[in-house]
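Numbering (the numbering used here), first residue to last: 1 to 135. Beta carbons are placed, not taken as given, at the ideal position from N, Cα and C, and that holds for glycine. This report concerns only the one structure given below.
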């Protein structure tokens, strides 16, 4: 029985060890992004390049044929600012108000990881997550 399982086990091992490709700002090309994610639902031309929009409001900023940043809605625990404060605990975090409203949106940014989140001040709820070229 084990003799017949040999090719099957090798196949499973190859799948388990296969390299998972990820989208990395500053590294991933536009064509690689489209290869991994498929054709975008929408493409917008912006002064610095273009924005490709995919399902579930996931967006990628393309400049000089490279992914420069990605933006997406939070899921699960990512919706809570406390999750991100814990996630960024080893970072020098910057909190940047994005407006001068009475309850402004705040960007909580960790340049070392190349990630930031935006939340409404005093709400504790994250509205979007971005990844960019880290330092």
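Asked                                                                                                                                                                                       : Found
Give me whichever residues DSSP pairs with residue 96 in a beta bridge.                                                                                                                     : 107
Roughly how many angstroms lie between the CA atoms of residue 59 and residue 121, to the nearest whole one?                                                                                : 24 Å
Please determine, among 76, 42, 133, the residue with the shortest C-alpha to C-alpha distance to residue 112.                                                                              : 133
Could you please give me the residues that DSSP links to residue 80 through a beta bridge?                                                                                                  : 125
Please return the same chain residues whose Cβ sits closer than 7 Å to the Cβ of residue 137, not counting the five positions on each side in sequence.                                     : This structure cannot speak to residue 137, because the chain is shown only from 1 to 135.
Per the contact definition of three or more C-beta pairs closer than 8 Å, is the region 40-57 in contact with the region 98-111?                                                            : no
Candidates 83, 98, 36, 53: which alpha carbon is nearest residue 70's?                                                                                                                      : 53
Give every residue of the same chain whose Cβ lies closer than 7 Å to the Cβ of residue 25, excluding the five residues on either side of it in the sequence, and list them in chain order. : 67, 68, 69, 70, 114, 131, 132, 133
To the nearest angstrom, how far is the alpha carbon of residue 61 from that of residue 128?                                                                                                : 15 Å
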